[in-house]
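Start counting the sequence shown at 3; every next residue gets the next number (the working numbering). One structure is given here, and the rest of the page talks about it.
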Amino acid sequence: MSRPRSQAEYLARLVPPSVAGLNRRSLLAGAAGAGALLGTGLLAGCGDSDSGSGGDATSVSLGSNQSDPKPKDVVAKVMDGFKTSSGVTVDINTVDHNTFQENINNYLQGKPDDVFTWFAGYRMRFFAAKGLAGDLSDVWGKLDGYSDAFKKASTGDDGKQYFVPASYYPWAVFYRKSVWQQRGYEVPRTLDDLNTLGAQMKKDGLDPIAFADKDGWPAMGTFDILNLRINGYQFHIDLMAGKEAWTSDKVKKVFDTWAGLLPLHQPDSLGRTWQEAAQSLQQKKSGMYLLGLFVGQQFSGADLEDLDFFTFPEIDSSIGAKALDAPIDGYMMARKPKSQDAAQKLLTYLGSKEAADITVKNDPSTLVANSGADTGAYTALQKKAAELVGSATEIAQFLDRDTRPDFASTVIIPALQQFIKDPKDISGLLTSIENQKKSIFTS
């Protein structure tokens, strides 16, 4: 299947309702797959393209991508809290995380749920600019406990707010304290230190770096941190915006550096999910793992208390190691929910201290965005994560949130997986990315 020549063609190729179990490769496989998907209703929401401020104010629907057990349970508890406080029932439509993301375009253009989970940054602004999300400026007038940075991350190109932040999480290198203490490992400060540590872990019978990219997005985190460390935040953001060339020597250096680190990564990563890679860390088969704080979902009890992290080490002393990925998750409203009043009431609650308190009490793998929340229940790991984000000089949202969705899904995912499979032809790979980028960003 050829790459879409324009954004319009990309949107047209994304099929509407999807089926659980299909990964992003299946979803881009062509017309045959589309026929199978059209017969289901998993991502079909409850909104009405002709509805507005009226409708049934006693219920509201939520489209959720929080499909893993822990976050799914937390979402349910938060919605129960809303029902208790408002008397309004929330009908939750949970869809596999990757499937939700791949079908979001057609979902929003059809009959989406009244409220849906999504991300801050470029991906929020993209759909707001397309008129596929509701204006939440009135909701923001009722919110307390958010910094200007969170408000900016929730604001569209037109100056209106379209997003309510709920949580965020830094990406870092996680490890088990007991394993490192037993082996005498020390936190690496430089890339040379990391390579030396990885070589020792290999001698000790460990996979130095747990790694998985079956779902396509985890490898983006590795690219992000290497680009931030080698070329700095501004170059990274400009590259994501299509302002820098992927064929530049700067980007080639990122891939050359990554190729040098690949022997330290867990093999056969394209057949492994992030959960499985996290379990290898939990089972003490891997020495460390670059991932978001949500890695803690795969740990519990004493194992969770044994989990620690460090920020990815410095590569260039003139750039340092203060920039990081810390994506913000939250909620948006359909452009025409069946009951705008109920939808806005839910979104006001989701941005409240009360909702944040429920999340803090039930999810040790994330940080809440509302500063009014009672964070006394944070674990030591959460407190350290909050300090890490607070000390960062620049914060990126994550590759597929900082660039165009079509570019991330149709170009970057297959390119990174091809690189992982065969890292020898970096120049050819980057030329291909650049050519496709020009076509997409000029459409």
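Where a beta carbon is used, it is the ideal one built from N, C-alpha and C, also for glycine.
Considering just the uninterrupted stretch of the beta strand (DSSP E) at residue i, what are its terminal residues?
i	result
Ile-94	91 to 96
Thr-259	Taken as a continuous stretch (DSSP letters only), Thr-259 belongs to no beta strand (DSSP E), being part of the alpha helix (DSSP H) at 251 to 263.
Phe-118	117 to 121
Could you give the DSSP three-state label for residue i: helix, strand or coil?
i	result
Thr-101	helix
Ser-1	Residue coverage of the chain in this structure runs from 3 to 445, which leaves residue 1 outside it and unanswerable.
Thr-444	coil
Glu-436	helix
Lys-354	Looking at the sequence itself, residue 354 is Ser, so the reference to Lys does not match. If DSSP states are grouped into helix, strand and coil, Ser-354 belongs with coil.
Leu-29	Because the pLDDT of Leu-29 is 30, which lies under 50, any placement of that residue in the model is unreliable, and the number read from its coordinates should be weighed accordingly. Three-state result, Leu-29: helix.
Glu-246	coil
Ala-174	strand
Asp-150	helix
Gly-83	helix
Ser-69	coil
Ala-388	helix
Ala-168	strand
Ser-282	helix
Gly-43	Because the pLDDT of Gly-43 is 40, which lies under 50, any placement of that residue in the model is unreliable, and the number read from its coordinates should be weighed accordingly. Note: Gly-43 maps to coil in three-state DSSP.
Gln-268	coil
Ser-429	helix
Leu-138	coil
Ser-63	strand
Gly-374	coil
Gly-207	coil
Asp-217	coil
Ser-302	coil
Leu-114	Before going further, note that residue 114 is Pro rather than Leu in the sequence given. Three-state DSSP puts Pro-114 in coil, outside helix and strand.
Thr-381	coil
Thr-275	coil
Which residue wins for smallest C-alpha separation from residue i, given the options the options?
i	options	result
Phe-225	Gly-378, Gly-298, Leu-263 and Gly-133	Leu-263
Arg-127	Lys-162, Asp-150 and Gly-147	Lys-162
Tyr-177	Gly-133, Thr-313 and Ile-321	Thr-313
Thr-395	Lys-179, Arg-191, Leu-283 and Ala-323	Ala-323
Ala-382	Pro-269, Gly-294, Asp-310 and Lys-79	Asp-310
Ala-410	Gly-83, Gln-103 and Val-77	Gln-103
Arg-406	Ser-393, Ile-442, Asp-427 and Val-391	Ile-442
Lys-74	Phe-84, Ser-61 and His-99	His-99
Asp-82	Ser-61, Pro-172, Arg-191 and Pro-416	Ser-61
Ser-434	Tyr-164, Pro-71 and Lys-254	Lys-254
Lys-252	Leu-196, Arg-231 and Pro-114	Arg-231
Lys-439	Ala-212, Trp-248 and Trp-260	Trp-248
Gln-284	Gly-303, Tyr-148, Pro-269 and Ser-271	Gly-303
Val-175	Leu-241, Pro-190 and Asp-240	Pro-190
Val-97	Asp-424, Asp-70 and Ser-88	Asp-70
Leu-272	Ala-417, Phe-121 and Lys-385	Ala-417
Gly-218	Ser-320, Leu-432, Arg-125 and Lys-423	Lys-423
Ser-429	Ser-393, Lys-287 and Asp-258	Asp-258
Gln-281	His-267, Gly-298, Pro-265 and Leu-266	Gly-298
Trp-260	Asn-108, Ala-78, Asn-197 and Ala-357	Asn-197
For residue i versus residue j, is the C-beta spacing smaller than 8 Å?
i	j	result
Pro-210	Met-290	yes
Thr-368	Thr-377	no
Pro-167	Ala-371	yes
Ile-94	Leu-64	yes
Leu-295	Ala-387	yes
Val-141	Gly-353	yes
Leu-349	Val-90	no
Gly-123	Asp-404	yes
Ala-398	Asp-318	no
Ala-146	Ala-336	Before going further, note that residue 146 is Asp rather than Ala in the sequence given. Going by C-beta atoms, Asp-146 is not nearer than 8 Å to Ala-336.
Gly-223	Trp-173	yes
Grab the span of the alpha helix (DSSP H) containing residue i for me, first residue to last.
i	result
Gly-143	Per DSSP, Gly-143 belongs to no alpha helix (DSSP H) and is neither H nor E.
Arg-191	No alpha helix (DSSP H) holds Arg-191; DSSP gives it neither H nor E.
Gly-332	Not the alpha helix (DSSP H): Gly-332 falls in the beta strand (DSSP E), residues 330 to 335.
Ser-320	That residue, Ser-320, is in no alpha helix (DSSP H); it is neither H nor E in DSSP.
Leu-309	Leu-309 -> not in any alpha helix (DSSP H); beta strand (DSSP E) instead, spanning 309 to 312.
Thr-224	220 to 233
Pro-339	Run containing Pro-339: none; DSSP gives neither H nor E here.
Leu-110	106 to 111
Ser-180	179 to 185
Ala-131	124 to 131
Gln-419	415 to 423
Arg-403	401 to 404
On the DSSP bridge list, what partners appear for residue i?
i	result
Glu-396	Ala-325
Ala-212	Tyr-291
Leu-369	Tyr-170
Gln-163	Thr-157
Answer yes or no: the CB of residue i versus the heavy atoms of the ligand MG, is any distance below 7 Å?
i	result
Ile-415	With respect to the ligand MG, the structure shown offers nothing to examine, as it has no ligands at all.
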